[in-house]
Amino acid sequence: MSILINADTKVLIQGMGRTGSFHTDKAIAYGTRMVGAVHPSKAGTVQKFTGETDHSGVQGRPDGYDVDVPIFRSVVEAMSETGATVSVVYVPPPFAADAIMEAAEAGIDLVVCITEGIPVADMVRAKRYLQDRETRLVGPNCPGVITPGECKIGIMPGYIHQPGRIGVVSRSGTLTYEAVYQLTTIGLGQTTAVGIGGDPVNGTNFVDVLALFNEDPATEGVIMIGEIGGTAEEEAAAWISANMTKPVAGFIAGTTAPPGKRMGHAGAIISGGMGTADAKISALEDAGVTIAPTPSDLGAAMVEAMG
Amino acid sequence: MKIHEYQAKQLMAARGIPVPQGVVATTVDQAVAAVRPLIEETGNKVVVVKSQIHAGGRGKGRFEEHPEIGGVNVVTAGIDGGIVAAEDQVRELAGKMLGSTLVTIQTGAEGKTVNTLYIEQGIDISDELYLSVLLDRAVSRNIVMASSEGGTEIEVVAAETPEKILREEIDPAHGLLSFQAARLAYGLGLEGDAQRNGARFVQALSTAAVELDADMIEINPLVVTTDGKVMALDGKMSFEANALYRHPEVVAMRDFSEEDPAEAAAKEHDLSFIKLDGTIGCMVNGAGLAMATMDIIKYVGGEPANFLDVGGGATADKITEAFKLITADQNVRGIFVNIFGGIMKCDTIAEGVVEAVGEVGLEVPLVVRLEGTNVELGKQIIDESGLNVVSAADMKDGAKKIVELTS
């Protein structure tokens with residue numbers, strides 16, 4: 001079992017430019033069912049993907065792949081032609097929020113937005129648009145979602161993952177890789193890893209993902225990785241304390257970050273005394289989360305939390 | 001991106017938001033020349049001389065060279081002595097303020113050099129309020145925040161008298177509605193003309209915030225004049241970097257002298273760099289990992305010299321630039337390269353590091369931790385380069401090694 005995506009998930013690509021094509025190729029190599037793309041000026045054509053299979057992904061496939069991805073004019077058309085239920089957005093920042101809203105209007109289940117640098121005001125509008133619709137958004141500015149051995153949506157390196165027992169949810173891409181790699185090394189593996197993104201306005205948050213992992217029978221524990229800025233970690237702490245039945249280990253980045261400085265991610269900023277790492281760490285500890293003192297200790301912290 | 005008070009007021013005035021009349025001056029003569037027209041046109045014999053720097057707390061701040069004056073000075077000589085007396089006082093003040101170093105609660109001990117003054121008309125104030133428009137991340141919307149406690153920092157009000165802070169959410173589909181603006185004006189205790197003017201002000205400001213993609217607009221104080229007008233006595237605006245591409249008029253207001261030169265150079269190369277006070281330079285891919293690298297250096301007993309995220313798609317050239325930024329800092333006594341290659345390949349990083357060292361030299365210890373895509377290839381490149389590089393097994397091991405090597 002897993003959350004959000006699995007071996008049957010059919011995925012659309014919005015934004016089949018250079019980046020989109022590169023990662024579509026990697027996803028296909030991993031065994032993900034990339035069934036179509038949306039690109040108004042290339043509609044009606046087919047993009048070919050061939051290469052060597054990434055055997056760290058879906059097992060039992062031949063060593064090579066040769067896949068045609070048809071390109072459609074709109075998400076509505078692509079969905080009705082392919083039966084896709086998930087889309088991944090690589091559209092450049094000025095147009096990315098529109099792509100998210102188009103997918104929501106078409107009634108897709110899940111949009112994973114990888115794009116970094118979307119104006120906050122655009123995301124405020126997109127989030128308002130999603131409010132009355134069923135579509136779930138993950139991201140933007142995130143590595144994506146992966147269910148190891150089944151489906152890889154996003155830019156994470158597939159081979160560091162391993163099917164297993166732990167759910168991972170994180171605001172940071174590279175720190176997710178740290179956690180995932182340790183879980184693989186110590187043999188716990190992952191059920192699903194979800195990057196929720198480093199922007200101040202995003203879709204799915206810690207609480208949403210924690211709730212999904214809590215319900216997923218295959219997930220035995222969760223690693224959550226937060227960082228300075230906002231109050232999403234504090235909200236997660238409150239939710240964990242009231243609802244979570246599984247052990248949680250965590251790490252918060254930015255203990256040494258100076259206030260008022262944006263630490264790379266648009267959302268990683270301490271302002272007006274809010275959003276400090278210390279406040280988040282103590283809220284999570286109070287909720288019973290085992291906090292790793294450094295990212296190198298995340299695997300060990302998970303083992304400790306599981307008793 | 002931040003702008004100066006006078007620039008914020010220009011943007012507000014252009015949108016019909018009431019601000020006092022003022023003149024920008026970068027020389028003493030310009031400051032003096034501003035006085036007569038201001039007094040004659042407004043009929044108010046008081047003028048105010050305000051330092052323009054990208055930091056708050058100017059009024060209570062002090063000049064290093066002239067500790068007897070603050071960053072904002074009210075010139076009252078004109079009341080009894082007429083325009084000439086006001087001009088004399090402005091001349092003396094401007095002479096002291098321009099080129100001097102203003103230290104405020106927000107500048108840090110080193111202060112900021114004042115290169116620009118804003119000479120503004122005096123205002124007959126009956127009430128001082130607080131107003132801001134900013135993103136509330138918890139609701140993913142902009143909100144208007146207002147308080148009757150003008151002149152006080154909002155953080156202080158929030159801590160001591162939170163009931164005095166009023167909030168209205170701005171629905172992005174509808175904007176701030178008229179009844180919300182009116183509710184804020186009533187809530188602030190405004191009556192009559194002031195109530196109508198206050199509501200109008202709030203509405204115009206929230207529209208401006210959306211139009212300009214402002215991160216934050218803060219008016220503190222927002223003043224009510226004795227004749228019921230409502231205007232921005234101060235104005236602070238900052239803009240969201242991701243949206244600057246659609247606001248050339250705002251980009252033109254950027255003041256490079258207010259920015260750290262190393263941070264500005266980093267931006268040119270699309271690197272995310274923040275200078276800190278420690279001795280261990282860091283080069284990392286990914287913002288979260290970069291932050292965590294600073295944390296782990298501190299955790300094992302060192303002090304990071306910088307935050308540096310080379311991003312996901314760094315080329316060897318970009319790595320070289322990053323290296324130059326780190327080594328340009330005289331405080332740096334060791335460098336820690338911490339890479340978890342995903343899309344970023346470890347061999348690319350290794351090539352970049354070898355190239356950079358060849359170009360700029362290496363006079364301090366260097367610890368490299370590589371993990372992820374093409375890690376073996378990366379390690380091989382480093383090993384075969386003959387450089388004096390210490391390899392680390394994981395990030396904690398790397399942090400320990402660089403701290404040991406530099407202490």
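Protein chains in written order, with my numbering: chain A, 1 to 307; chain B, 1 to 407. Don't be surprised by glycine CBs; every beta carbon is placed ideally from N, CA and C. Since this is a predicted model, take the numbers as computed values, not measurements.
What's the gap between the Cα of residue 8 of chain A and the Cα of residue 149 of chain A? Counting from 1 along the first sequence, the entry for residue 8 of chain A is found at position 8. Counting from 1 along the first sequence, the entry for residue 149 of chain A is found at position 149. Computed Cα separation, rounded: 12 angstroms.
When B:190, B:311, B:117, B:105 are compared against residue 90 of chain B, the one with the closest alpha-carbon: In the second sequence, counting from the first residue as 1, residue 90 of chain B sits at position 90. It is B:117 whose Cα lies nearest to the Cα of residue 90 of chain B.
With which residues is residue 275 of chain B paired in a DSSP beta bridge? To locate residue 275 of chain B, count along the second sequence from 1; it is residue 275. Answer is B:306.
Where the region 155-178 of chain A meets chain B: residues whose CB sits under 9 angstroms from a CB there: 155, 156, 157, 159, 160, 170, 171, 172, 173, 174, 175, 176, 177, 178
By the DSSP assignment, the beta strand (DSSP E) with residue 335 of chain B in it spans what residues? Here residue 335 of chain B refers to the residue found at position 335 when the second sequence is read from its first residue. Where residue 335 of chain B is concerned, the enclosing beta strand (DSSP E) stretches over 334-341.
Using 8 angstroms as the cut-off, can you tell me whether the region 82-96 of chain B makes contact with the region 133-151 of chain B, which would need three or more C-beta pairs spanning the two stretches below that distance? no
Please look up how many angstroms separate the CB atoms of residue 75 of chain A and residue 103 of chain A, rounded, as I've assumed it's under 8 angstroms. Residue 75 of chain A sits at position 75 when you count from the first residue of the first sequence. Residue 103 of chain A sits at position 103 when you count from the first residue of the first sequence. Sure, about 5 angstroms apart at Cβ, within 8 angstroms.
According to a CB-to-CB cut-off of less than 7 angstroms, which residues of the region 124-141 of chain A neighbour chain B? 124, 125, 127, 128
Kindly indicate if chain A contains any beta-carbon less than 8 angstroms away from that of residue 213 of chain B. By one-based count along the second sequence, residue 213 of chain B stands at place 213. Yes, its Cβ sits closer than 8 angstroms to a Cβ of chain A.
Just to make sure I have the definition right: I need the residues of chain B whose C-beta is within less than 8 angstroms of the C-beta of residue 193 of chain A. Which are they? The count along the first sequence starts at 1 and reaches residue 193 of chain A at position 193. Here the premise fails: no neighbours, minimum Cβ distance about 12 angstroms.
I'd like to confirm the pairing. Which residues does DSSP put opposite residue 190 of chain A in its beta bridges? Here residue 190 of chain A corresponds to residue number 190 of the first sequence, with the count starting at 1. Paired residues: A:166.
Going by CA-CA distance only, name the one from A:276, A:209, A:27, A:177 that's closest to residue 58 of chain A. Here residue 58 of chain A refers to the residue found at position 58 when the first sequence is read from its first residue. When each option's Cα is compared against that of residue 58 of chain A, the closest is A:27.
Between residue 247 of chain B and residue 119 of chain A, what straight-line distance do the alpha-carbon atoms span, to the nearest angstrom? Here the question's residue 247 of chain B lines up with position 247 in the second sequence. Here the question's residue 119 of chain A lines up with position 119 in the first sequence. When rounded, the distance between both Cα atoms is 12 angstroms.
Just reading off the beta strand (DSSP E) that residue 251 of chain A is part of, what are its end residues? Locating residue 251 of chain A in the first sequence gives position 251, where the first residue counts as 1. Here the beta strand (DSSP E) through residue 251 of chain A covers 248-253.
Just to make sure I have the definition right: I need the residues of chain A whose C-beta is within less than 8 angstroms of the C-beta of residue 186 of chain B. Which are they? By 1-based counting over the second sequence, the position of residue 186 of chain B is 186. Within 8 angstroms Cβ-Cβ: nothing; residue 186 of chain B doesn't reach chain A, min ~26 angstroms.
Is it true that the region 297-305 of chain A meets the region 177-188 of chain A, where meeting means three or more beta-carbon pairs spaced less than 8 angstroms apart? yes
Judging by CA-CA distance, which residue of A:21, A:60, A:63 is the nearest neighbour of residue 48 of chain A? Stepping through the first sequence from its first residue, residue 48 of chain A is reached at position 48. Checking every option, the nearest Cα to that of residue 48 of chain A belongs to A:21.
On the three-state DSSP scale, how would you describe residue 128 of chain B? Translated into positions along the second sequence, residue 128 of chain B becomes position 128. Residue state, collapsed to three classes: strand.
Looking only at C-alpha atoms, which of B:275, B:312, B:72 sits nearest to residue 303 of chain B? Indexing the second sequence from 1 puts residue 303 of chain B at position 303. It is B:275.
Since residue 98 of chain B sits in a beta bridge, which residues does DSSP pair it with? As a working mapping, residue 98 of chain B is identified with position 98 in the second sequence. None, per the DSSP bridge assignment.
Since residue 208 of chain B meets chain A, which of its residues come closer than 7 angstroms, beta carbon to beta carbon? On the second sequence, residue 208 of chain B is found 208 positions in, with the first residue counted as 1. Within 7 angstroms Cβ-Cβ: nothing; residue 208 of chain B doesn't reach chain A, min ~13 angstroms.
Here's a check: name, in chain order, each residue in its chain whose Cβ is nearer than 6 angstroms to the Cβ of residue 170 of chain A, leaving out the five neighbours to either side. Within the first sequence, numbered from 1, the residue matching residue 170 of chain A stands at position 170. 176, 195, 225.
Can you give me the start and stop residues for the alpha helix (DSSP H) that residue 330 of chain B sits inside? Against the second sequence, residue 330 of chain B aligns to sequence position 330. Taken as a continuous stretch (DSSP letters only), residue 330 of chain B belongs to no alpha helix (DSSP H), as it is neither H nor E.
Which residues, taken in chain order from the region 321-349 of chain B, show a beta carbon closer than 8 angstroms to some beta carbon of chain A? 340, 341, 342, 343
Assuming residue 164 of chain A contacts residue 228 of chain A under a Cβ cut-off of 8 angstroms, what Cβ separation, rounded to an integer in Å, is found between them? On the first sequence, residue 164 of chain A is found 164 positions in, with the first residue counted as 1. On the first sequence, residue 228 of chain A is found 228 positions in, with the first residue counted as 1. Between residue 228 of chain A and residue 164 of chain A the Cβ distance is about 29 angstroms, and since that is not below 8 angstroms, they are no contact.
C-beta contact flag for residue 246 of chain A and residue 220 of chain A at 8 angstroms: One-based indexing of the first sequence puts residue 246 of chain A at position 246. One-based indexing of the first sequence puts residue 220 of chain A at position 220. Yes.
If contact is defined by three or more beta carbon pairs under 8 angstroms, each pair taking one atom from either stretch, is the region 398-407 of chain B in contact with the region 331-339 of chain B? yes
Run down chain B in chain order and give the residues with a C-beta less than 9 angstroms from the C-beta of residue 231 of chain A. Residue mapping note: residue 231 of chain A aligns to position 231 of the first sequence, counting from 1. Simply 137, 138.
One question on the structure: do residue 135 of chain B and residue 215 of chain B come within less than 8 angstroms of each other, judged by their Cβ atoms? The count along the second sequence starts at 1 and reaches residue 135 of chain B at position 135. The count along the second sequence starts at 1 and reaches residue 215 of chain B at position 215. Contact flag set, yes.
Could you tell me whether any Cβ in chain B is nearer than 8 angstroms to the Cβ of residue 227 of chain A? Translated into the one-based positions of the first sequence, residue 227 of chain A becomes position 227. For residue 227 of chain A, the answer is yes, since a Cβ of chain B falls inside 8 angstroms of its Cβ.
Which listed residue (B:113, B:97, B:36) has its alpha carbon closest to that of residue 259 of chain B: As a working note, residue 259 of chain B is residue 259 in the second sequence. Checking every option, the nearest Cα to that of residue 259 of chain B belongs to B:113.
Closest by CA to residue 395 of chain B, which one among B:317, B:357, B:298? Start at 1 with the first residue of the second sequence, and residue 395 of chain B comes out as number 395. Comparing Cα-Cα distances from residue 395 of chain B to each of B:317, B:357, B:298, the minimum goes to B:298.
Under a CB-based cut-off of 8 angstroms, is residue 261 of chain B close to chain A? Numbered from its first residue, the second sequence carries residue 261 of chain B at position 261. Output row for residue 261 of chain B: interface = no.
Under 8 angstroms, Cβ to Cβ, is there at least one residue of chain A near residue 288 of chain B? Here residue 288 of chain B is taken as the residue at index 288 of the second sequence, counted from 1. By this cut-off, residue 288 of chain B is an interface position.
Is residue 46 of chain A helix, strand or coil when you go by DSSP? Numbered from its first residue, the first sequence carries residue 46 of chain A at position 46. DSSP places residue 46 of chain A in strand when its eight states are reduced to three.
Output the distance between the C-alpha atoms of residue 327 of chain B and residue 126 of chain B, rounded to the nearest integer angstrom. Position 327 of the second sequence, counted from the first residue, corresponds to residue 327 of chain B. Position 126 of the second sequence, counted from the first residue, corresponds to residue 126 of chain B. Distance between the alpha carbons of residue 327 of chain B and residue 126 of chain B: 55 angstroms.
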